[in-house]
Amino acid sequence: LGGGHGLGRVMSSLSSLGSRLTGIVTTTDNGGSTGRIRRAEGGIAWGDMRNCINQLIAEPSVASAMFEYRFSGNGELSGHNLGNLMLKALDHLSVRPLEAINLIRNLLKVDAFLIPMSEQPVDLMAIDHEGHEVYGEVNIDQLASVPRELMLSPPVPTTREAIEAIAEADLILIGPGSFYTSLMPILLLDEMAKALRRTPAPMVFIDNLGKEHSPA
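In terms of this note's numbering, the sequence shown opens at residue 28 and continues consecutively.
Here it is as C-alpha cells:
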C-alpha cells in the first residue's frame, strides 16, 4: 500500500513474486502533469500508478519507452508524461480505471497487479493548526506544521478488488512514502480501514530512510 516512488521501489524489489504481488496505489495527487490532467479532464490521479508501472517494467521496448517519455520545451505538452496521457486515454475508452491499468500492464508485460485505492476522483484535505481548510496534496505538503486533521474530499468507495486483495493477503506492506500525503489517503478509506482491521495477515510498516522536507 502506498504512493508511486516508495511503493514502486518496494514492488520492483519483490517483482520475482509475479502475479502473487499486488500494489494498492494512492490516487489523490494533484500536482505536476497529473494535476494538470485532472484539472482539464477530471478523473483519478494517474501519476503514482504510472510510477509503479514504470518500475515494474522488466523488458524494455518501444511501448515502454513511449510510456516513460516526458515532453520538454515550452509548449502546452511541456512537463507532461506520455504514460499519464496514455492511462487517461485508456480510462476514457474503458468502463472503469482498473481496466485501463490492466490493458497497460498487459502491453508492458507487468505481471504484478496494480489497483487504484478508489476508482472515483478524490482529493486530500487537511485542517491546519489554526483551523483553516487546506485542499490538495500539493498545499498540504507545504504546511509549516503537522495538520490537525486529514480527510478525503469527497468520501469515496474503496476499489472492490483492493478489499479482496487485503482479504487474501499473506503479508501486507505499508510504505515507504510521505506519511500524510502518500500513505494516509489509503488508510482514510472507510472500507480499507475495516479490511485492515479484519485481516489475519501480518502487517509491516516500512519507514523512510531519510527525513522528509516538510512536516506533512
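Each residue gets a CB set at the ideal place from its N, CA and C atoms; glycine is no exception. Predicted model only: the values in this text are computed from it and were never measured.
| field | Which of helix, strand or coil DSSP assigns to methionine 38 | value | helix
| Cα-Cα separation between glutamate 157 and arginine 123, rounded to whole angstroms | 39 Å
| request: Note down the Cα distance separating leucine 151 from aspartate 197, rounded to an integer number of angstroms. | output: 29 Å
| request: Enumerate in chain order the residues of its own chain whose CB-to-CB distance from glutamate 68 is below 7 Å, with the five nearest sequence positions on each side excluded. | output: Lys115
| Three-way DSSP call (helix, strand, coil) for glycine 50 in this model | strand
| said: Below 8 Å, how does it come out for the segment 135-154 and the segment 37-52: are there three or more Cβ pairs, yes or no? | reply: yes
| Around the Cβ of cysteine 94, are there at least 16 other Cβ atoms within 10 angstroms (buried) or fewer (exposed)? | Note that residue 94 is phenylalanine in the sequence shown here, rather than cysteine. Its Cβ being crowded by 16 or more others within 10 Å, phenylalanine 94 is buried.
| If we ignore side chains and look at the alpha-carbon of each, how far apart do glycine 237 and asparagine 166 end up? | 21 Å
| task | Just tell me which of Glu146, Pro87 and Leu104 has its CA closest to the CA of serine 121. | result | Glu146
| The beta strand (DSSP E) spanning valine 89 covers which residue range? | First-last for valine 89: 89-95, but that is the alpha helix (DSSP H), not the beta strand (DSSP E).
| field | Neighbourhood of leucine 34 by C-beta, 7 Å cutoff - its chain only, sequence neighbours within 5 removed | value | Gly50, Val52, Cys79 and Gly204
| task | Whole angstroms is fine: what's the gap from leucine 223's alpha carbon to isoleucine 193's? | result | 7 Å
| query | Is methionine 219 helix, strand or coil when you go by DSSP? | reply | helix
| field | Collapsed DSSP secondary structure at serine 121 in the structure displayed | value | coil
| request: Assign valine 161 to one of three DSSP states: helix, strand, or coil. | output: strand
| Residues that alanine 153 bridges to, as DSSP identifies them | Val161 and Leu177
| query | Closest by CA to glutamate 239, which one among Ser209, Ile213, Leu214 and Thr226? | reply | Ser209
| query | What residue range is occupied by the uninterrupted alpha helix (DSSP H) comprising proline 148? | reply | No alpha helix (DSSP H) holds proline 148; DSSP gives it neither H nor E.
| request: Closer than 7 Å by C-beta to serine 99: which residues in its own chain qualify, once you throw out the five before and the five after it? Chain order, please. | output: Ser105
| query | Is DSSP giving isoleucine 213 helix, strand or coil here? | reply | helix
| Cβ distance (whole Å) where isoleucine 199 is taken to contact threonine 226 below 8 Å | 7 Å
| query | From which residue to which residue does the alpha helix (DSSP H) around leucine 170 run? | reply | Premise fails: leucine 170 is in no alpha helix (DSSP H) and is neither H nor E.
| Spatial neighbours of asparagine 108 in its chain, beta-carbon cut-off 6 Å, leaving aside the 5 residues before and after | Ser60 and Arg97
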